[in-house]
Amino acid sequence: MTTAYLEQDLPTIHRLNEQGNARSFFDIAVNERNRDWIPVIVKMIATQPTFIAMGAGHLGGDQGLIHLLRKQGYSVLPVFSTTN
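Every number in the numbering used here is 28 more than the matching position in the sequence shown, counting from 1.
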């Protein structure tokens, strides 16, 4: 998980989170929350410039925030840090 995170490998992070017993927790703690956040995020970004930060586990997969926002028609781009 750490290697995938440091390499910004969202597909691997997503796959690791969905494995085995973690799946039901992941569905509730991540996927359900992502779906609930979309209307809140859409409302916020419609009214003002907004920076949104969340854990890497919320980003990947078809229920990830990147996919859900793109599905709403938004362009989502990564911001990379130059410090390690």
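Heads up, the beta-carbon is just placed ideally off N, CA and C, and yes, glycines get one too.
Contacts around residue i, its chain only, beta-carbon distance under 7 Å, and the 5 residues preceding and following it disregarded
| i | result |
| --- | --- |
| L87 | L38, L93, I94 |
Start and end residues, alpha helix (DSSP H) containing residue i
| i | result |
| --- | --- |
| Y33 | 30-34 |
| V68 | 61-75 |
Rounded C-alpha distance that separates residue i from residue j
| i | j | result |
| --- | --- | --- |
| N62 | F54 | 11 Å |
| S103 | L44 | 26 Å |
| N59 | W65 | 10 Å |
| K71 | G89 | 23 Å |
With 16 other Cβ atoms within 10 Å as the buried cut-off, status of residue i
| i | result |
| --- | --- |
| L97 | buried |
| G85 | buried |
| V107 | exposed |
| G83 | exposed |
Contacts around residue i, its chain only, beta-carbon distance under 6 Å, and the 5 residues preceding and following it disregarded
| i | result |
| --- | --- |
| P67 | none |
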